[in-house]
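Below you'll find the structure, written out as structure tokens, and then a few comments.
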Amino acid sequence: MKLDKNKVFSFIRNRISVGKLFLAIFIIFIIFIDENSCIQRIKYDAEINDLRKQIAAQNDTTEYYNRRIEELKTDKNIIEQVAREQYLMSKPNEDIYLIENKK
Numbered sequence: 042m043k044l045d046k047n048k049v050f051s052f053i054r055n056r057i058s059v060g061k062l063f064l065a066i067f068i069i070f071i072i073f074i075d076e077n078s079c080i081q082r083i084k085y086d087a088e089i090n091d092l093r094k095q096i097a098a099q100n101d102t103t104e105y106y107n108r109r110i111e112e113l114k115t116d117k118n119i120i121e122q123v124a125r126e127q128y129l130m131s132k133p134n135e136d137i138y139l140i141e142n143k144k
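Residues in the sequence shown are numbered consecutively from 42, following this note's numbering.
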């Protein structure tokens with residue numbers, strides 16, 4: 042049951058033309074091997090979308106802090122609120138009571 046190499050090659054030559062063979066090799070090269078392959082482009086597109094989402098999140102954060110800065114520059118009540126809540130400052134003759142949550 043030994044196959045003759047010449048018979049196998051002649052069978053392949055009769056069934057598949059040279060043009061089809063080159064076309065198949067070219068398609069495989071384009072899809073899998075090339076540095077600009079379809080698979081690589083899909084990965085790049087996914088990475089670009091992730092980076093765009095990160096940029097949008099950072100822009101939202103920047104806008105929030107810019108608004109917060111403007112509020113702190115203009116509104117004295119907000120400055121007092123921040124001083125009391127974050128830095129535990131108080132007015133003279135005022136007592137502060139801290140309530141801690143038990144978890």
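Don't be surprised by glycine CBs; every beta carbon is placed ideally from N, CA and C.
C-beta atoms of residue i and residue j nearer than 7 Å
| i | j | result |
| --- | --- | --- |
| S78 | I69 | no |
Anticipated Cβ contact below 8 Å, residue i with residue j, distance rounded
| i | j | result |
| --- | --- | --- |
| E111 | I119 | Contact doesn't hold; Cβ gap of about 10 Å is too wide. |
| S131 | I137 | 5 Å |
Cβ shell of residue i (< 7 Å), same chain only, five flanking positions each side left out
| i | result |
| --- | --- |
| A106 | It is Tyr, not Ala, that sits at residue 106 in the sequence shown. Closer than 7 Å at the Cβ level, and outside the excluded window around Y106, lies no residue. |
Contacts around residue i, its chain only, beta-carbon distance under 6 Å, and the 5 residues preceding and following it disregarded
| i | result |
| --- | --- |
| E135 | none |
| S58 | none |
Review point. Fully enclosed by the region 114–140, which alpha helix (DSSP H) runs are 4 residues long or longer?
Key: Listed in chain order, they are 117–128.
Check your understanding: Can you list, in chain order, the stretches of the alpha helix (DSSP H) that have 4 or more residues and sit fully within the region 72–115?
Key -> Taken in chain order, the complete alpha helix (DSSP H) segments of 4 residues or longer contained in the region 72–115 are 79–115.
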